[in-house]
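Notes to accompany the following structure.
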Amino acid sequence: MKRTYQDHIKKKLADPEFRKHYNQEGFKLKIAYKIAELRHHVGLTQTQLAKKIGTAQSTIARLESADTDNYEVETLQRI
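Throughout the sequence shown, residue numbering follows the working numbering, covering 109 to 187 in sequence.
In structure tokens:
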């Protein structure tokens, strides 16, 4: 029987430590997607959004790519 990626993940999710990290990454991706979606909806570039909330464009880029482990609540509230 050929194993699929879904079978592999299902097996790995039985490990509580793996499941914890898997869920954290999923949450980060949801936040990233929502920030990008809302920014596009209102027609702003990353640079424009950054200026509006008083941060750097690179911060917005990191948030939208889920390339951070440090989501500051203050930054998310300003967005």
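For every residue, glycine included, the Cβ atom is placed at its ideal position computed from N, Cα and C.
Between the stretch 138–148 and the stretch 172–184, do at least 3 Cβ pairs fall closer than 8 angstroms? yes
Residue from I187, A122, K160, Y179 with nearest C-alpha to E133: Along the sequence shown, read from residue 1 onward, the residue named residue 133 stands at position 25. Ranking the options by Cα distance to E133, first place goes to Y179.
With a cut-off of 8 angstroms on the beta carbons, I'd call T167 and T183 a contact; round off their distance for me. Your numbering for residue 167 matches position 59 in the sequence shown. Your numbering for residue 183 matches position 75 in the sequence shown. Right, their Cβ atoms sit about 7 angstroms apart.
Neighbour-count burial assignment, L121, 16 or more Cβ in a 10 Å radius: Sequence index remark: in the sequence shown, residue 121 carries index 13 (1-based). By the neighbour-count rule (16 or more Cβ atoms within 10 Å), L121 is not buried but exposed.
So, are the CB atoms of L157 and R170 less than 8 angstroms apart? In the sequence shown, residue 157 corresponds to position 49, counting from 1. In the sequence shown, residue 170 corresponds to position 62, counting from 1. Not a contact, by the Cβ cut-off of 8 angstroms.
Starting from K128, follow the alpha helix (DSSP H) in both directions and report where the run begins and ends. Against the sequence shown, residue 128 aligns to sequence position 20. Taken as a continuous stretch (DSSP letters only), the alpha helix (DSSP H) holding K128 covers 124–150.
Can you tell which of I187, E145, G151 has the C-alpha that lies nearest to the C-alpha of T163? The residue you call residue 163 lines up with position 55 of the sequence shown. Comparing alpha-carbon positions, the option among I187, E145, G151 lying closest to T163 turns out to be I187.
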